[in-house]
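Only one structure is covered here, and it is reproduced in the block below.
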Amino acid sequence: MVMNLEMAKKLLQTGIQKAKEKGMAYSIAIVDENGWLVALHRMDGVPIPTAEIARDKAWTAATFRIPSSEVSQFGAPNVSGYGLNAQNWNERLTTIPGGLPIWKDGHVIGAIGVCGGSPDEDVIFCKKLIEEIQ
Amino acid sequence: MKELTLELALKMLEAAERWAKDIAGFSCSIAVVDKAGAIIAVHRMDGAAMATTDIAIEKAWTAVAFKMPTLMGSRWLDPRNIGKLLGDHAMGMIGRGKGRLCFIPGGIPITNEENEVIGAIGCSGVPSGVGDISDTTVSQAGITALYE
């Protein structure tokens, strides 16, 4: 199974509906298994940079195959990969929580990135959305 | 129509996608941006090349920034227009706008009743810029949906 526009649209539709119910507003980005953007929606009234940040989170989650918040573990002085966050080798790399890979049948089929609330809110929102399609 | 909302943007995207799929027969990426040039919604249709999303966003951004369809601006960068009136005076435009400037035909600004630019739509993925089946006509299909 691969990420397609239909699945991405369904995720975004559910996400926007859930956000509206809670009175929140988010930018939500869906990328495929290689980190390429499939769909991105920015809800009305959400700050402009959130769209790109959501996309960065999704890219990080899809390509590392771990939540974007866990990428920062590579930056600790006592583990390999020290300085990953400082090398600036890719402008999309981010360690902000809110990007989660989507696993299906043992494979990463894509990732979702959310930006608009606090980091914790973003992660909870992401998890709920992924549960929807699994 | 005062401001471009996500709801309106999705309506445009849906119509443009339908046009691209059913009439043009090509998969493409379509982006809608607001009056600041900021993304409201982007869709990449199944089968469209991966790089088209960024190009569609850049086309829409350029259409807002210059308040004109990218088709018009593309004339400035066309070497065939060197020496012609309104032709070659803007070759230095290449590489401007922090790399976001994209004068490939396919981006069209959206105006309100007072003729102010409130956003733009950009399409990339159809292997033609001008003509009946082109990025420009896919974007036009999206704009038409606003008035339905």
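These protein sequence lines are chains A and B, in that order. Mapping of the first sequence onto this note's numbering: position 98 corresponds to residue 98, and the numbering continues sequentially without gaps. Mapping of the second sequence onto this note's numbering: position 119 corresponds to residue 1119, and the numbering continues sequentially without gaps. We put the beta carbon where it would ideally sit given N, CA and C, even for glycine. Bear in mind the structure is a predicted one, so any value in this text is a computation, not a measurement.
| Check | Outcome |
| --- | --- |
| Residue 1028/B - DSSP class collapsed to helix/strand/coil | coil |
| C-alpha distance - residue 71/A paired with residue 1081/B, whole-angstrom precision | 50 Å |
| Interface flag, residue 1093/B vs chain A, CB-CB below 8 Å | no |
| CB contact check: residue 43/A to chain D, cutoff 8 Å | Looking for chain D here will not work: the only protein chains present are A and B. |
| Runs of alpha helix (DSSP H) wholly within the region 1068-1098 of chain B (minimum 4 residues, chain order) | 1070-1073 |
| Coarse secondary structure for residue 42/A, derived from DSSP in three states | strand |
| Contact with chain A by residue 1046/B, beta-carbon distance below 8 Å | yes |
| First through last residue of the alpha helix (DSSP H) which encompasses residue 130/A | 119-133 |
| Chain B within 8 Å of residue 11/A, Cβ atoms only | no |
| The beta strand (DSSP E) enclosing residue 1037/B, as first and last residue numbers | It is not in any beta strand (DSSP E) - residue 1037/B carries neither H nor E in the DSSP assignment. |
| Cβ neighbour criterion (16 or more within 10 Å) applied to residue 61/A | buried |
| Cβ-Cβ distance between residue 50/A and residue 69/A below 8 Å | no |
| Residue 112/A - partner residues in DSSP beta bridges | 30/A and 100/A |
| Euclidean distance between Cα positions of residue 117/A and residue 1096/B | 33 Å |
| Identity of the residue in 1016/B, 1042/B and 1006/B nearest residue 1143/B by Cα | 1016/B |
| contact_flag[the region 124-132 of chain A, the region 1004-1022 of chain B] where n(CB pairs < 8 Å) is 3 or more | no |
| Residue 1062/B and residue 1102/B closer than 8 Å at C-beta | yes |
| Whole-Å CB distance - residue 1122/B paired with residue 1057/B, under 8 Å assumed | 7 Å |
| Rounded separation between residue 25/A and residue 1093/B - CA only | 37 Å |
| Chain-order list of residues whose beta-carbon lies under 7 Å from that of residue 1003/B (same chain, five-residue window excluded) | 1118 |
| Cβ of residue 129/A within 8 Å of any chain B Cβ | no |
| DSSP three-state assignment for residue 1107/B, whether helix, strand or coil | strand |
| Members of the region 45-58 of chain A that neighbour chain B once the beta carbon cut-off is set at 7 Å | 48 and 51 |
| Beta-bridge pairing of residue 1124/B - partner residues as DSSP gives them | 1029/B |
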